[in-house]
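Structure record follows, encoded as structure tokens.
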Amino acid sequence: MIQNILISKNGILLTSQNFGNCHSIDLKKDLVTNFFTVIQKFSIAITGTPINYINFEKLLIYLYEDPNDESLLYILITDFDDNPIEINFKMHKIANLFF
């Protein structure tokens, strides 16, 4: 289940939505958004490729940089056992609706 959706532009939070139990992120949305924006930019600068997801013990954090506007970053926080193909589909759908 998607727990949180955060959308940022150049590291600044534009909008967010909480769907699950990950309420502690609500208090730190700006910090979380800035952190993942920096990590994504760092990955692209060092490896030439973006991060698709970060695997924590109980959460997965998916990152998607919009190819139409590279300043937009979509961050989805999901349960560990969610289907990655389904999450990827939903993330692209969200990006298409937002852009």
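Residue numbers (UniProt numbering): 1 to 99. Cβ coordinates follow ideal geometry from the N, Cα and C atoms, glycine included.
>> Between F56, S71, I12, which has its C-alpha nearest I77's C-alpha?
In response: If you number the sequence shown from 1, residue 77 lands on position 77. For the residues F56, S71, I12, the minimum Cα distance to I77 belongs to F56.
>> With a threshold of 8 Å, are at least 3 pairs of Cβ atoms found where one atom belongs to the stretch 33-49 and the other to the stretch 81-92?
In response: no
>> Considering only their Cβ atoms, is the gap separating L63 from I75 smaller than 9 Å?
In response: As a first step, residue 75 must be located in the sequence shown, where it is residue number 75. As a first step, residue 63 must be located in the sequence shown, where it is residue number 63. Cβ atoms of I75 and L63: closer than 9 Å.
> Got a sec? Which residues, its chain only, sit under 8 Å from S71 by beta carbon, not counting five neighbours each side?
Replying inline: Sequence index remark: in the sequence shown, residue 71 carries index 71 (1-based). Excluding positions up to five away in sequence, the list reads K9, N10.
> If you scan the stretch 39-79 from start to end, which runs of the beta strand (DSSP E) of 3 or more residues do you find wholly inside it?
Replying inline: 53-55, 59-65, 72-79
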